[in-house]
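Encoded as structure tokens, the structure appears first; notes follow it.
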Amino acid sequence: MKTHKHKHRRADTRIIHTGSHPEIFQGAMNPPVYHASTVLFPSVAEMEAAVKRRYDDTVYYGLHGTPTSFAFEEAVADLEGGHRSVSLCSGLAAITAALFALLEQGDHLLMVDTAYGPTRSLCNNLLKKCGIETTYYDPMIGAGIAELIQPNTKVVFTESPGSLTFEVQDIPAIAKAAHAGGAKVLLDNTWSAGHFFKPFEHGVDVSIQAATKYIAGHADVMIGTITSTEELATRMKQTSVNMGYCAAPDDCYLSLRGMRTLSVRMDRHQENALALARWFKARPEVAAVLHPAFDDCPGHEIWKRDFTGASGLFGVILKPTSRDRVTAMLDNMRYFGLGFSWGGFESLMILDDPGHIRTATRWPHDGPCLRVHAGQEDVTDLIDDLDVGFARLNSGA
Ligand SMILES: *Cc1c(COP(=O)(O)O)cnc(C)c1O
1 MKTHKHKHRR
11 ADTRIIHTGS
21 HPEIFQGAMN
31 PPVYHASTVL
41 FPSVAEMEAA
51 VKRRYDDTVY
61 YGLHGTPTSF
71 AFEEAVADLE
81 GGHRSVSLCS
91 GLAAITAALF
101 ALLEQGDHLL
111 MVDTAYGPTR
121 SLCNNLLKKC
131 GIETTYYDPM
141 IGAGIAELIQ
151 PNTKVVFTES
161 PGSLTFEVQD
171 IPAIAKAAHA
181 GGAKVLLDNT
191 WSAGHFFKPF
201 EHGVDVSIQA
211 ATKYIAGHAD
221 VMIGTITSTE
231 ELATRMKQTS
241 VNMGYCAAPD
251 DCYLSLRGMR
261 TLSVRMDRHQ
271 ENALALARWF
281 KARPEVAAVL
291 HPAFDDCPGH
301 EIWKRDFTGA
311 SGLFGVILKP
321 TSRDRVTAML
331 DNMRYFGLGF
341 SWGGFESLMI
351 LDDPGHIRTA
361 TRWPHDGPCL
371 RVHAGQEDVT
381 DLIDDLDVGF
391 ARLNSGA
């Protein structure tokens, strides 16, 4: 299935054509949705040959993938610049399988202190139960990670920018130290969607995405991807199968369809988020705006060096105020939905407290924290909505 005919095209052209195989689908641009558990073989010999190739892109049994999932995976691998991708039933499943692929009892994991909350929960519960020890580290540690690497450290897990607080990590420096110490570097690349950050050009071994977010892009699909180097590709696939994870065929189809418009959607998310972030920054109610494109964001210089843009997700710290005033604002927004997840076409906000789960770093702010997802609406309407929201906050009504 994997062809390299699009390899040399520019990114925006590649994303339109990659994973498209009209020559094998009777001319159809998009792959059909294969609903398959059982796959029949014409002979015992061919069945036995397929067993040998079952971790390749071979149609073998539903759990191992179908032409629909393979087309999607080919496109994701191309987007991220890795050797191969595996699709799974959620972003969290992708994080779980990638970690279990590389860790065993007695191993040590270095986990960034700003990791997505459920990633942290996985480390503190399931991994711990399996005898895998986690040490949390400061996202700004850079080359200093070398001092935390032990003989049994197998994985350095990164997420850049950090969940909720958006610190940008020095991935090349971390990768250099990790590789010198014999550890692999994993990245949760969901924020950049693989569009604004190319992990394999910066030393990452395994890039994970909650494709649920920007790749699917329409708030209606749960799907995750693991993209890796050639060295680790089979191990990632095998572990995903061992854990019984596979992405649903309709979701693979929708995610590939979503990917075709990723570039234009990301441009709008970026533009709207920057306009909103600048507007927030000028408001008297706001203590700080957490956005990698702002020069007071930790790691801003690294973002400028390594990223080609910013997505639609950023943070706002309000000056200390009562909870009632904040909920008066959030409960009655017209366009900003109150909902988890992000990366869809719509604007969202959540109220969070990034400080309470940290263990390696201290959160310096004491005001309420809003995580904002800038959707693709007309930004003037979004600003009007926020302006009226702040009036509610100020009147306490
Ligand atoms: C949402 C999210 C995930 C998990 O993805 P699901 O598909 O919801 O399981 C992982 N990492 C980050 C940074 C996320 O925002």
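Numbering (my numbering), first residue to last: 1 to 397.
All residues carry an ideal CB built from backbone N, CA and C; glycine is no exception.
All figures in this text were calculated on a predicted structure; none of them were measured in a lab.
Asked                                                                                                                                                  : Found
What do you reckon, are the CB atoms on A328 and R392 nearer than 8 Å?                                                                                 : yes
Mapping the DSSP letters down to three states, classify M259 as helix, strand or coil.                                                                 : helix
If we ignore side chains and look at the alpha-carbon of each, how far apart do H291 and G65 end up?                                                   : 38 Å
Do D188 and G159 count as a contact pair if the criterion is CB distance below 8 Å?                                                                    : According to the sequence as given, residue 159 is Glu; it is not Gly. Yes, Cβ-Cβ distance for E159 and D188 is below 8 Å.
Residues around ligand 1, please: the condition is that the C-beta lies closer than 7 Å to some non-hydrogen atom of it.                               : S90, G91, L92, A93, I95, Y116, P118, T119, E159, S163, D188, T190, W191, A210, T212, K213, M222, I223, G224, S341 and W342
Using 10 angstroms around the beta-carbon of P31, count the other beta-carbons present and answer buried if the total reaches 16, otherwise exposed.   : buried
Does DSSP put K184 in a helix, in a strand, or in coil?                                                                                                : strand
Taking only three categories from DSSP, how would you classify C369?                                                                                   : strand
Mind checking whether G217 and G375 have CB atoms under 8 Å apart?                                                                                     : no
In three-state DSSP terms, what is G162?                                                                                                               : coil
Can you name, in chain order, every residue of its own chain whose Cβ lies under 7 Å from the Cβ of R235, other than the five neighbours on each side? : A101
Suppose you measure from the CA of M243 to the CA of W191; what does that come to, to the nearest Å?                                                   : 26 Å
Return the CA-CA distance between G203 and V326, expressed in angstroms with no decimal places.                                                        : 42 Å
Out of curiosity, what's the CA-to-CA distance linking L232 and T239?                                                                                  : 11 Å
Return the CA-CA distance between F157 and A248, expressed in angstroms with no decimal places.                                                        : 27 Å
Quick one: Cα of Y60 to Cα of A45, how far?                                                                                                            : 13 Å
Beta-carbon separation of T225 and S85 under 8 Å?                                                                                                      : yes
With DSSP as the reference, please indicate the residues paired to L88 in a beta bridge.                                                               : G224
In angstroms with no decimal places, state the Cα-to-Cα distance between M29 and L330.                                                                 : 43 Å
By a C-beta neighbour count over all protein chains shown, 10 Å radius and 16 as the cutoff for buried, is D387 buried or exposed?                     : exposed
Hey, out of F294, A275, R323 and H195, whose CA is closest to V264's CA?                                                                               : H195
In this structure, how does DSSP classify L382 when only helix, strand and coil are distinguished?                                                     : helix
Starting from M306, trace the alpha helix (DSSP H) in both directions and tell me its first and last residue.                                          : The sequence shown places Asp at residue 306, not Met. D306 -> alpha helix (DSSP H) spans H300 to D306.
Going by other Cβ atoms of all chains shown within 10 Å of its Cβ, with 16 needed for buried, is H35 buried or exposed?                                : exposed
Tell me which residue opens and which closes the alpha helix (DSSP H) that I15 is part of.                                                             : A11 to H17
Can you grab the Cα-Cα spacing for the pair L103 / I132, in whole Å?                                                                                   : 7 Å
Near G81, which residues of its chain fall below 6 Å by C-beta distance, leaving aside the five closest residues on each side in sequence?             : K198 and F200
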